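For the record, the sequence lines run as chains G and S. Our numbering puts the first residue of the first sequence at 144, with every later residue one more than the last. Our numbering puts the first residue of the second sequence at 236, with every later residue one more than the last. Positions of the beta carbon are idealized from the N, C-alpha and C atoms, including for glycine. Owing to the predicted nature of the structure, the values given are computational and were not obtained by experimental measurement.
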Amino acid sequence: MNDVVGRFKWVGTRPIRPDGVPKVTGRAMYGADLAMPGMLVGKILRSPHAHARIRSIDTSKAAALPGVKAVLTAKDFPEQKFEYVGPERVAVNFWHVTRNVMAREKALYEGHAVAAVAAIDAATAEEAIALIHVDYEVLPHVIDVDEAMQPDAPLVFEDMITRGVEPAPTKPSNISKRVEFKIGDMDAGWAEADVIIEKEFKTAPVHQAYIEPHATIARVDADGQGEIWASSQGHFVVRSLTAQICGMRVGDLRVTPAEIGGGFGGKTVVYLEPVATMLSKMTGRPVKVVMNRDEVFKATGPTSGGSMRVKMGVTKDGKITAAEGVFKLQAGAFPGSPVMNCCMCSFAPYDIANVHSVGYDVVCNRPKSAAYRAPGSPISAFGVESLIDMLAKKIGMDPAELRLKNAARIGTQTVYGPKHAHAGYVETLEAIINHPDYKKPLGPNQGRGVASGYWFNGGGESSATVQINADGTVLVATGSPDIGGSRASMALMAAETFGVDYSQVRAIVADTASVGYTHVTGGSRVTFATGMAVVNACKGGIEDLRRRAAMIWDVDPEGVVWEDGQAKPASSNVGDFKPMTLREIAAKAALTGGPLTYAASVNAGGMAPGFSTQFCDVEVDPETGKVTILRFVAAQDVGTAIHPSYVEGQIQGGVVQGIGWALNEEYIYDAKGRLDNAGFLDYRCPVASDLPMIEPILVEVPNPAHPYGAKGVGEVNICPPMAAIANAIDSAIHRRLTELPMSPPKVRAALDAGAAAD
Amino acid sequence: MTARVTFTAGFSRRYTGGRREFEIEAKNLRGVIKAMDQLFPGLGEHLEEETTVAIDGEIHEVGYFQPIPEGSEIFFIPKLEGG
Chain G
144 MNDVVGRFKW VGTRPIRPDG VPKVTGRAMY GADLAMPGML VGKILRSPHA
194 HARIRSIDTS KAAALPGVKA VLTAKDFPEQ KFEYVGPERV AVNFWHVTRN
244 VMAREKALYE GHAVAAVAAI DAATAEEAIA LIHVDYEVLP HVIDVDEAMQ
294 PDAPLVFEDM ITRGVEPAPT KPSNISKRVE FKIGDMDAGW AEADVIIEKE
344 FKTAPVHQAY IEPHATIARV DADGQGEIWA SSQGHFVVRS LTAQICGMRV
394 GDLRVTPAEI GGGFGGKTVV YLEPVATMLS KMTGRPVKVV MNRDEVFKAT
444 GPTSGGSMRV KMGVTKDGKI TAAEGVFKLQ AGAFPGSPVM NCCMCSFAPY
494 DIANVHSVGY DVVCNRPKSA AYRAPGSPIS AFGVESLIDM LAKKIGMDPA
544 ELRLKNAARI GTQTVYGPKH AHAGYVETLE AIINHPDYKK PLGPNQGRGV
594 ASGYWFNGGG ESSATVQINA DGTVLVATGS PDIGGSRASM ALMAAETFGV
644 DYSQVRAIVA DTASVGYTHV TGGSRVTFAT GMAVVNACKG GIEDLRRRAA
694 MIWDVDPEGV VWEDGQAKPA SSNVGDFKPM TLREIAAKAA LTGGPLTYAA
744 SVNAGGMAPG FSTQFCDVEV DPETGKVTIL RFVAAQDVGT AIHPSYVEGQ
794 IQGGVVQGIG WALNEEYIYD AKGRLDNAGF LDYRCPVASD LPMIEPILVE
844 VPNPAHPYGA KGVGEVNICP PMAAIANAID SAIHRRLTEL PMSPPKVRAA
894 LDAGAAAD
Chain S
236 MTARVTFTAG FSRRYTGGRR EFEIEAKNLR GVIKAMDQLF PGLGEHLEEE
286 TTVAIDGEIH EVGYFQPIPE GSEIFFIPKL EGG
């Protein structure tokens, strides 16, 4: 439990980001920037079909091309056992994983890897790829989640039986899994309600749209020892997945993290690393593989598209009495959408006695979905938060006040079992209600919308090593790739704990051979869990530094205290000693036991969830249907903001991605299931000129389970924007849009139809 | 210490014959898992690998060392993972 929360010297300050200079000067080493002597270039042949049986692959002409050193197909990878391993929510089936890395019996989506080559240069590799002949039997495909669930839909897997249904179905389908959560008495809840609204909603699958495409270099030496350099959200996970897929031992692989140009969840899995590793095994030379943007869009995980039906009941005075949701999520070509999160988060911000959530994980002919910022939660939030707005308008209550009246508090029962143990939601609602612009009048065709969101936040396994150098500077090494400012926050927490100047501390991301196991940078876990490991390592260091000072002064260790970065006598009774700094103790390190190195590993628990409430003002152009965001205010419970500028950046980034999801981003397929907009010109992410300044409000309700009160901050901010914007559009033009993206043609169609369906 | 252990409906259907609540005597989470494994052989491994635990609402990764306060409510919920 917390023993330190209070006012801090370094925690909560805004020093210049340590990764800033290398990034703005172009010297940061991203995955594609690395090169090695003797390096080969790897290229991947990808399926042009959304769904096709692979009858045969003829690689003979490619292999015979001068300059080609290896040709790889799925047959070169060891087969994997068909079994789901690990936690149900994130169960991995390596039979699926290896087939996503390279297709075997069938190509399951356009862009699915089918073969790869390693050659002396890119031109030769491209030429060789073109010489590979694949004999395909093109099959009917299905992409839309509702269509994929139909009994006569083309089957992605001809033998897939739905899990989670008893008795088990006798016929195969594209429904991989059904999940269900329920509390209370639904009939009683509906009977208490004065108003009941039921509505269907759809969300588009969207890409994480990280700027940096996937890139890796692998080198496997003759002794079987391998190294990988890659940009990822978790190099320990890259190591374990690649080892399993390539039939290697974990200890035979060392993975060094490159600087990462965005991940947002999409870089927690592997695509290229096993391919480069196998090509290197085959050639004995380093192999580099880099995706282009087309490949990123066609072959890497977006988040799921969703289709849902939400029903809620409320009394006239604003008490929500019952809530029900059926959520159907696209998993892509292999099982594993975030549908369980979707169900668990759906009504979590609210105190509702009777709740029933059902979810379906559905495969279809798209790339396998990957995590994306609070995976699953934004999808259900779009439906639920839209419906709450409809309820508020129906009973004539302010939408934020309706939420406040039903807000989850400490002790509120969740649909997935435990009671909420942390506050934070009410505070975000109050921040929005009290914002000076919340009641500001709006003009014609303008509207205001409110929405909230919930995310669990993560804990788990992290490691840190702290070294005190001879000059008293401090090196903090962790295993967490820095995608949100973690080097700065780790350095701040180390400076705070040691009581030394921030400029004395340097934080780095260490490779898998240089620091203990650390789980991915994902789930909003790093500042909390890895931060805990850093603080624990520093605390262990302080104990040792006190012991060493005592040895130097020849007194009992209990007679030495640590204050302001110095060892001091606990009282005048101990003796008249001048305080010793880190540098002075480091100077006598050899005499007092050797180098000053401290390590800590944790399986961090006690994480507090994140709540966010946002409001936005929009203007709808009735001629074109274009929606312009006029104002966006985002309040989030962030615990203690360790580095407030980074926290604000996380909120602004999450909101902007949510705006893109709300208004523009979608995959456009042709009749054959091929992607028509695989590039940033046609896949329309918001850019700065589309947006007003996003105003973040940091609501700081410290988490007592963390030494400095930290909570995860990276994800919950993407949950509310889609519904907030839909609610604002409805306020502006009295049209309820229920399908994302709410692009100009859809807004125009709603206006034309005069469909105030609610 | 006596604690009330609860499973989700789906988990209980698969592993405990549909029974969702149990009264367990244990000092720490190791004791809870051991007791559940004695009631349903093999369940302990599933709890260790597949779940996150909430002790009086406070969510933790499953670790043997977690103390169990008297009268606490323990929920085993699906393991969480984010983006």
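Measure the alpha-carbon distance for residue i versus residue j and round it to whole angstroms.
{"i": "G/L215", "j": "G/V439", "result": "20 Å"}
{"i": "G/N612", "j": "G/W153", "result": "21 Å"}
{"i": "G/L841", "j": "G/Q779", "result": "6 Å"}
{"i": "S/I309", "j": "G/M434", "result": "46 Å"}
{"i": "S/L278", "j": "G/I837", "result": "48 Å"}
{"i": "G/I626", "j": "G/S520", "result": "21 Å"}
{"i": "G/A899", "j": "G/M533", "result": "Reliability of the predicted coordinates at G/A899 is poor, the pLDDT of 47 falling under 50, and the value obtained from them is presented with this limitation in mind. If I take the Cα positions, the gap works out to 11 Å."}
{"i": "G/G855", "j": "G/A634", "result": "17 Å"}
{"i": "G/I403", "j": "G/S375", "result": "7 Å"}
{"i": "G/A869", "j": "G/A805", "result": "8 Å"}
{"i": "G/V148", "j": "S/G306", "result": "Only weak support is given to the placement of G/V148: the predicted model assigns it a pLDDT of 44, under 50, and the value that follows is read from those uncertain coordinates. Going from the Cα of G/V148 to the Cα of S/G306 covers about 28 Å."}
{"i": "G/V430", "j": "G/Y660", "result": "26 Å"}
{"i": "G/A620", "j": "G/A680", "result": "11 Å"}
{"i": "S/E280", "j": "G/S383", "result": "21 Å"}
{"i": "G/T616", "j": "G/Y812", "result": "55 Å"}
Less than 7 Å between C-beta atoms, sequence neighbours within five positions excluded: which residues of the same chain meet that for residue i?
{"i": "G/S788", "result": "R157"}
{"i": "S/I294", "result": "T287"}
{"i": "G/G332", "result": "G456, T464, A465, A496, N497"}
{"i": "G/M421", "result": "L215, D219, F220, C389"}
{"i": "G/Y559", "result": "F324, M487"}
{"i": "G/R362", "result": "M179, G369, E370, S423, P429"}
At what residues does the beta strand (DSSP E) containing residue i begin and finish?
{"i": "G/I685", "result": "No beta strand (DSSP E) holds G/I685; the alpha helix (DSSP H) holding it covers 674–696."}
{"i": "S/F242", "result": "237–242"}
{"i": "G/E370", "result": "369–373"}
{"i": "G/K537", "result": "Per DSSP, G/K537 belongs to no beta strand (DSSP E); it is in the alpha helix (DSSP H), 520–538."}
{"i": "G/T241", "result": "No beta strand (DSSP E) contains G/T241, which is instead part of the alpha helix (DSSP H) from 237–244."}
Leaving out five residues on either side along the sequence, give the residues of the same chain with a beta carbon under 6 Å from the beta carbon of residue i.
{"i": "G/C828", "result": "A352, G803"}
{"i": "G/P863", "result": "A594, S595, G596, S755, Q757"}
{"i": "G/A871", "result": "G590, R591, G592, C759, V761"}
{"i": "G/R452", "result": "E343, V469"}
{"i": "G/F85", "result": "No statement about residue 85 of chain G is possible, as the shown extent of chain G runs from 144 to 901 and does not include it."}
{"i": "G/P845", "result": "V148, G782, T783, G852"}
{"i": "S/E256", "result": "T241"}
{"i": "G/H662", "result": "G603, E604"}
{"i": "G/A574", "result": "A778, I840, V842"}
Once the 5 residues before and after residue i are set aside, which same chain residues still bring their CB inside 8 Å of it?
{"i": "G/D146", "result": "Bear in mind that the predicted position of G/D146 carries a pLDDT of just 41, short of 50, making it too unreliable to give a figure here."}
{"i": "G/T426", "result": "L183, K212, A213, A261"}
{"i": "G/N588", "result": "E762, V763, D764, P765, A875, I876"}
From which residue to which residue does the alpha helix (DSSP H) around residue i run?
{"i": "G/Y568", "result": "568–576"}
{"i": "G/V433", "result": "Unbroken run through G/V433 is the beta strand (DSSP E), 430–433; no alpha helix (DSSP H)."}
{"i": "G/S489", "result": "482–489"}
{"i": "G/C389", "result": "378–389"}
{"i": "G/F300", "result": "Where G/F300 is concerned, there is no enclosing alpha helix (DSSP H), given that its DSSP letter is neither H nor E."}
{"i": "G/S203", "result": "203–207"}
Report buried or exposed for residue i, applying the criterion of at least 16 other Cβ atoms within 10 angstroms of its Cβ.
{"i": "G/R552", "result": "exposed"}
{"i": "G/P925", "result": "Lying before the first or after the last residue shown, residue 925 of chain G is absent from chain G, which here runs from 144 to 901."}
{"i": "G/H276", "result": "exposed"}
{"i": "G/L903", "result": "Only positions 144 to 901 of chain G appear in the structure, and residue 903 of chain G is not among them; the question remains open."}
{"i": "G/N807", "result": "buried"}
{"i": "G/K471", "result": "buried"}
{"i": "G/P180", "result": "exposed"}
{"i": "G/G539", "result": "exposed"}
{"i": "G/P584", "result": "exposed"}
Under 7 Å (Cβ pairs) to chain S, residues found in the region 312–337 of chain G: Within the region 312–337 of chain G, V322, E323, F324, K325 place their CB atoms closer than 7 Å to a CB of chain S, listed in sequence order.
Within 7 Å of chain S by C-beta, residues of the region 550–571 of chain G in sequence order: The region 550–571 of chain G vs chain S, Cβ under 7 Å: Y559, G560, P561, K562, H563, A564.
Interface residues of the region 257–270 of chain S facing chain G [CB-CB below 8 Å]: Against chain G - using a Cβ distance shorter than 8 Å - the region 257–270 of chain S contributes no residues.
Chain B contacts made by the region 732–756 of chain G, where a contact means CB separation under 9 Å: No chain B is present in this structure, whose protein chains are G and S.
Chain G contacts from the region 244–255 of chain S (Cβ-Cβ distance under 9 Å): Residues are counted here when their Cβ sits less than 9 Å from a Cβ of chain G; for the region 244–255 of chain S these are A244, G245, F246, R248, R249, given in chain order.
Under 9 Å (Cβ pairs) to chain S, residues found in the region 597–616 of chain G: Within the region 597–616 of chain G, contact with chain S at the beta-carbon level (separation under 9 Å) is assigned to W598, F599, N600, G601, G602, G603, E604.
Residues in the region 292–314 of chain G having any Cβ partner in chain S nearer than 9 Å: Hits within the stretch, in order: G307, E309.
Interface positions of the region 457–485 of chain G facing chain S (Cβ-Cβ less than 7 Å), listed along the chain: Those residues of the region 457–485 of chain G that come within reach of chain S (Cβ to Cβ, closer than 7 Å) are M483.
Members of the region 825–853 of chain G that neighbour chain S once the beta carbon cut-off is set at 8 Å: Within the region 825–853 of chain G, A848 place their CB atoms closer than 8 Å to a CB of chain S, listed in sequence order.
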